[in-house]
Amino acid sequence: MGERRAAPRRDALREPSTAVDDPGELLAGFLDGYREALARKLDGLSDEQLVVSRVPSGWSPLGLVWHLTNVERRWLRWGFAGERLDDVWADADPDSTDVPWRVPAGATAASLLAGHRAEVERCRAAVAGHDITERGAETGRFADDEPTPTLGWIYCHLIQEYARHLGHLDITRELADGHTGE
1 MGERRAAPRR
11 DALREPSTAV
21 DDPGELLAGF
31 LDGYREALAR
41 KLDGLSDEQL
51 VVSRVPSGWS
61 PLGLVWHLTN
71 VERRWLRWGF
81 AGERLDDVWA
91 DADPDSTDVP
101 WRVPAGATAA
111 SLLAGHRAEV
121 ERCRAAVAGH
131 DITERGAETG
141 RFADDEPTPT
151 LGWIYCHLIQ
161 EYARHLGHLD
171 ITRELADGHT
181 GE
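If you're matching positions, the sequence shown starts at 1 in my numbering and goes up one per residue.
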């Protein structure tokens, strides 16, 4: 019989209380749970593990942080609030068809995670006081003939975006050091 391995460490997702009955608060609470999980899933990875890709598409854990930071600004500040923002596609690498997200030169785990937290706060401020039935601005991201999505729709989109990408991060984390998430 071989050696018995210790069970991998798991990280649990924080969810809103089941007592929450306001749909807007519920959606914002689930989104916040995913936002907070991002940093937890990276905690304990070495600098090398944070920048190395373990998947054929070539993205790294830090690339994923940068991507989700830009997803927040595109959907909530540019899309919903209609803010004029520079370089809304800053995470895209126009020179590469292989690697989906570029990380700014000189960026560190600390700077990207701090940037993500700061962007989340700016996004929260941009939607504060708005009802989930309100439609996004008809400028910027949604300047075409399609109806602009509601804040509730945007929250649902962001929740699925985070869920999908944190699942990707779970796999790369398990490949890196055996840590698994939920």
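Ideal placement from N, C-alpha and C gives every residue a C-beta, glycine not left out. Please read these numbers as outputs of a predicted model, since none were measured by experiment.
Discussion item. Assuming GLY63 and HIS179 are in contact, meaning their beta carbons sit under 8 Å apart, how far apart are those beta carbons, in whole angstroms?
Written reply: No, GLY63 and HIS179 are not in contact; Cβ-Cβ is about 19 Å, not under 8 Å.
Practice prompt. State the DSSP-derived secondary structure class of GLY181, mapped to helix, strand or coil.
Written response: strand
Worksheet item: Does the beta-carbon of ALA81 have 16 or more other beta-carbons within 10 angstroms, so that it is buried, or is it exposed?
Response: buried
Worksheet entry | Complete alpha helix (DSSP H) runs within the stretch 138–175 (minimum length 4 residues, chain order) | none
Worksheet entry | For ARG84, the residue or residues it bridges with in DSSP | Its beta-bridge partners do not exist; DSSP assigns none.
Practice prompt. Would you kindly check if the distance between the Cβ of ARG14 and the Cβ of GLU48 is under 9 Å?
Written response: no
Practice prompt. Could you check the C-alpha separation between THR108 and VAL51 for me, to the nearest Å?
Written response: 9 Å
Practice prompt. Mind checking which residues open and close the alpha helix (DSSP H) that includes VAL51?
Written response: 47–51
Worksheet item: Where DSSP assigns a beta bridge to ARG135, which residues make up the other side?
Response: THR150
Discussion item. When you compare the stretch 140–152 with the stretch 167–175, are there three or more beta-carbon pairs, one atom per stretch, that lie closer than 8 Å?
Written reply: no
Practice prompt. Rank HIS116, ASP91, ASP21, GLY79 by C-alpha distance to the C-alpha of ALA143 and give the top, closest one.
Written response: GLY79
Practice prompt. To the nearest angstrom, report how far apart LEU112 and SER46 are at their CA atoms.
Written response: 15 Å
Fill in: C-beta atoms of ASP131 and GLY24 nearer than 9 Å
yes
Worksheet entry | From GLY106, HIS165, THR69, TRP101, residue whose alpha carbon lies closest to that of ARG122 | THR69
Worksheet item: What did DSSP end up calling ARG40 once you bin it into helix, strand or coil?
Response: helix
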